[in-house]
Amino acid sequence: MTNKEGGYLNLGSHSMPLPDSKRLLIITHDVDWPRQGPGTSHILARQTRFSSDILRKVTEEGYNPYYGIPTIMEIEARFNLRSTFFFRPQYDDGSPIQQYADTITTLVKKGWEVGLHSNQTATIEAILSEKMALETIVGGPVYGSRVHYLNVSANTFLNLANAGIKYDSSLTYDKEKIDPRNTGYRVERGLVVFPITFMDTYLFTYLGLTENTITDFIINTMERLYTSGVRLITLLWHDNSIMMKGGRAYSALNENLASRLDISFLKGIEAFELVHKQIIR
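Heads up: the sequence shown runs through residues 22 to 302, numbered per the numbering used here.
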């Protein structure tokens, strides 16, 4: 992973192995778009990504197919899974996090985790401002983060740690293939870092997967990784892709994963607590 200046980040590997009783999977989602979505013209310019029924609802009802959080919640609840959603404190159109207040309240009440999807991490003050805006809605402390666009620089992890963030998941060493370095965790300046093993957009864009092939690919690749000794894998599936061709495979993926009794499903904070107990006794 390189920083914006092209230098290498100084990342240390974890010093102790994770417990070997279970294979571990962190499930996460980034909420990249404002509650009202990107607008009809944006969606229609990408109409090949959607079914005719979705497009009809967009044009006739003003439906926003980018708001996928309720659908993800329904899918995960069906299989008794919980995950982490990362929200941006302010969106590109200037709308604030308050537009998601009801959604965030429901997520927290029903057992999902809400984390910070940082817009920028250049200073501790900037992170604290964003973190506090989100915590006001959550009604408590926020411990996890993922930087928007994975825009990590040399001081990102130090600034996040100093702002009270306990773990981050903004690293990916290679977006064009599944890299074993994108598994497990690292510790950087007191911050636990979970690299992203699988990201929906990368799998479709760079690996050329489709709705029909992505589930088998993820399952088979996970098996190879776990068999090789990997204990912890992190999955990112964007909420705005859940209504898209390709992204709709999330339901089938969850059904397949939930049938595997050898995998423990974690929210980010649960993975952090597990690592914390192993490293800091």
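No residue lacks a Cβ here, since even glycine has one placed at the ideal position from N, Cα and C.
Between the Cα of Val208 and those of Lys187, Leu274, Tyr227, Arg44, spot the shortest distance and give me the residue it belongs to.
Lys187
Neighbourhood of Thr92 by C-beta distance below 6 Å, restricted to the same chain and skipping five residues each side:
Ile263
Determine the extent of the beta strand (DSSP E) in which Ile48 is found, giving its start and end residues.
44-52
Work out the CA separation of Leu282 and Lys298 for me, nearest whole Å.
24 Å
Please work out which residues of its chain come closer than 8 Å, Cβ to Cβ, to Leu246, disregarding the five sequence neighbours upstream and downstream, and give them in chain order.
Ile199, Pro201, Thr204, Thr218, Ile254
Validate contact between the segment 271-286 and the segment 167-178 using beta carbons, cut 8 Å, 3 pairs
no
Can you name, in chain order, every residue of its own chain whose Cβ lies under 8 Å from the Cβ of Ile75, other than the five neighbours on each side?
Tyr84, Pro86, Met264
Alpha carbon to alpha carbon, how far is Arg269 from Asp221?
11 Å
Using the three-state DSSP reduction, which class does Thr105 fall into: helix, strand or coil?
strand
Using 8 Å as the cut-off, can you tell me whether the segment 236-245 makes contact with the segment 66-73, which would need three or more C-beta pairs spanning the two stretches below that distance?
no
Do you know offhand how far Val278's Cα is from Leu128's?
Reading off the sequence shown, one finds Leu at residue 278, where the question assumed Val. Each residue's Cα considered, the two are about 22 Å apart.
Pair within 9 Å by beta-carbon distance, Leu295 and Leu137
no
Is DSSP giving Phe286 helix, strand or coil here?
strand
With respect to the beta strand (DSSP E) encompassing Glu134, which residues constitute its N-terminal and C-terminal limits?
134-137
How about Lys168 and Phe108: do their beta carbons lie closer than 9 Å?
It should be pointed out that residue 168 corresponds to Val in this sequence rather than to Lys. No, the Cβ-Cβ distance between Val168 and Phe108 is not below 9 Å.
With Arg167 as the anchor, note down where its beta strand (DSSP E) starts and where it stops.
Per DSSP, Arg167 belongs to no beta strand (DSSP E) and is neither H nor E.
Beta-bridge pairing of Pro117 - partner residues as DSSP gives them:
Gln111
Short Cβ contact (9 Å threshold) for Glu151 with Gln111
yes
Check Glu209 in the structure and name its three-state DSSP category.
strand
Whose CA, out of His63, Pro55, Glu97, lies closest to the CA of Trp258?
Glu97
Pair within 9 Å by beta-carbon distance, Phe225 and Ser190
no
Beta-carbon spacing of Ile290, Glu95 below 9 Å:
no
In terms of residue numbering, what span does the alpha helix (DSSP H) encompassing Ile125 cover?
122-130
Could you have a look at Met94 and say whether DSSP puts it in helix, strand or coil?
helix
Length-filtered (3 minimum) beta strand (DSSP E) runs lying within the segment 174-247:
207-209, 212-214
For Ile254, report the span of its alpha helix (DSSP H) as first-last.
Careful: Ile254 lies outside any alpha helix (DSSP H), inside the beta strand (DSSP E) at 253-257.
Less than 7 Å between C-beta atoms, sequence neighbours within five positions excluded: which residues of the same chain meet that for Ile301?
Because the pLDDT at Ile301 is just 34, under 50, the model does not fix this residue reliably, and the value given afterwards should be weighed accordingly. Closer than 7 Å at Cβ, skipping near neighbours: no residue.
Ends of the alpha helix (DSSP H) at Tyr271?
271-279
Whole-Å CB distance - Glu232 paired with Lys266, under 8 Å assumed:
6 Å
CB contact flag (Phe100, Glu244, <9 Å)
no
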